[in-house]
Amino acid sequence: MSSTIEIQSLTKRFGGKTAVDSLSLSVPEGAIFALLGDNGAGKSTTIKMLTGQLQADAGRATILGEDCWANAVSLRHRVGYVPERPRFYDWMSVQEIGWFVAGFHSHGFLKRYNEFIDAFRIDPNAKLKNLSKGGYAKIGLSLALAVDPQVLILDEPTSGLDLLTRREFLNSMVDLAGGGRTILICSHQIAEVERIASHVAIMNEGKLLLVQPIEELKKQFLRVRLRFEGAPPDPTSLGTVLERNGSGRYWQALIRDPRIEAIESLRISPNVFDYEETAVALEEIYASLLTRPSAKLAHVAVSEVEPLSIAKGGES
103 MSSTIEIQSL TKRFGGKTAV DSLSLSVPEG AIFALLGDNG AGKSTTIKML
153 TGQLQADAGR ATILGEDCWA NAVSLRHRVG YVPERPRFYD WMSVQEIGWF
203 VAGFHSHGFL KRYNEFIDAF RIDPNAKLKN LSKGGYAKIG LSLALAVDPQ
253 VLILDEPTSG LDLLTRREFL NSMVDLAGGG RTILICSHQI AEVERIASHV
303 AIMNEGKLLL VQPIEELKKQ FLRVRLRFEG APPDPTSLGT VLERNGSGRY
353 WQALIRDPRI EAIESLRISP NVFDYEETAV ALEEIYASLL TRPSAKLAHV
403 AVSEVEPLSI AKGGES
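Take 103 as the starting number for the sequence shown in my numbering and just add one per residue.
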């Protein structure tokens, strides 16, 4: 699978603080790639380096084979970008901002922009200052899509939007990826992003904890619930225990890299009752990794389908 975005040992410092620390990952062509992390994790700084707003202190990043800093101007005609807080000339109307931005792009931009605002049911004569947050966000997306980009980069695109608008916005991303675009979406709205993402990377304090196709990642985690008689089961035999709790005869555990034979043995044990296995949501996986710094994981190339591995060298 070819990669649309390549990041190699990318590093950015502000004074004595390292905001992005030796970040390396690949985003496959046609993916909806979610870059997750809490505030201050380094997501937005990474996005700004990819969009040519910041120059890296070390490392390299390319989009569609072009250097994100050296070729930032030419990439703006191939990459659509929606910042976390888009800012326009609010005294303009919806139609006027499209006409203004079209002056920086090739023929066809304004026609495509008008098609998008019509699809979003936005009044072209409305003043930008009078739009709702959802309407304002749709203008940002329409301007980004009017470029007819091969790559779309979204930085916290649903921040401040109501529930229905967020769902509508994210569902539109699936249609765009289906049309062949590669989408990098930076967010801390994990439960919502899980519904649409094909790949996920998790950052914490500027470092990459993991990167994996989302379905492969979720297969590596399992929650077990049961009731027992006699001595409680030993969870350490089942795999890496990320969480274990219960009361009385009730027992549950969150397991990473479950050992199949041990799980099967537990399932048929005569001392175990009401046994249940459930899939683990991405939000639970995210929380379990961030609360266990000693269990930080090295990145795995998204083109590979391999179990997560313990960090080596300077990666984490």
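Note that beta-carbon positions come from the ideal geometry of N, C-alpha and C, so glycine has one too. These numbers were taken from a predicted model, which means no experiment stands behind them.
Boundaries of the beta strand (DSSP E) in which residue i is found, first to last residue
| i | result |
| --- | --- |
| Ala364 | Unbroken run through Ala364 is the alpha helix (DSSP H), Ile362 to Arg369; no beta strand (DSSP E). |
| Tyr377 | Val374 to Thr380 |
| Ile255 | Val253 to Asp257 |
| Phe116 | Ser105 to Phe116 |
Check whether residue i and residue j have beta carbons under 9 Å apart
| i | j | result |
| --- | --- | --- |
| Gln354 | Arg325 | yes |
| Thr148 | Glu108 | no |
| Val203 | Leu243 | no |
| Ser128 | Gly161 | no |
| Gly132 | Gly348 | no |
| Ser234 | Leu256 | no |
| Gly341 | Ala364 | yes |
| Leu245 | Leu254 | no |
| Ile316 | Leu266 | no |
Neighbour-count burial assignment, residue i, 16 or more Cβ in a 10 Å radius
| i | result |
| --- | --- |
| Lys240 | buried |
| Asp123 | buried |
| Ala136 | buried |
Rounded C-alpha distance that separates residue i from residue j
| i | j | result |
| --- | --- | --- |
| Cys170 | Val181 | 11 Å |
| Ile387 | Met194 | 44 Å |
| Thr260 | Ile285 | 15 Å |
| Glu175 | Arg214 | The displayed chain sequence assigns Val, not Glu, to residue 175. Their Cα atoms are separated by approximately 21 Å. |
| Ser105 | Leu177 | 16 Å |
| Ala143 | Ile370 | 43 Å |
| Ala397 | Ile357 | With a pLDDT of 41 at Ala397, under the threshold of 50, the modelled position of this residue cannot be trusted, and the question is left open. |
| Ile298 | Gln314 | 15 Å |
| Phe190 | Leu230 | 8 Å |
| Gln155 | Asn173 | 12 Å |
| Pro360 | Asp140 | 27 Å |
| Phe222 | Tyr238 | 11 Å |
| Ala279 | Ile134 | 7 Å |
Residue range of the unbroken alpha helix (DSSP H) whose run includes residue i
| i | result |
| --- | --- |
| Gln197 | Val196 to Ala204 |
| Glu307 | It is not in any alpha helix (DSSP H) - Glu307 carries neither H nor E in the DSSP assignment. |
| Ile292 | Ile292 to Glu296 |
Quick check: the segment 302-320 against the segment 270-280, are there 3 or more CB pairs under 8 Å?
no
Does the segment 361-380 come into contact with the segment 311-327, if we say contact requires no fewer than three beta-carbon pairs (one atom in each stretch) closer than 8 Å?
yes
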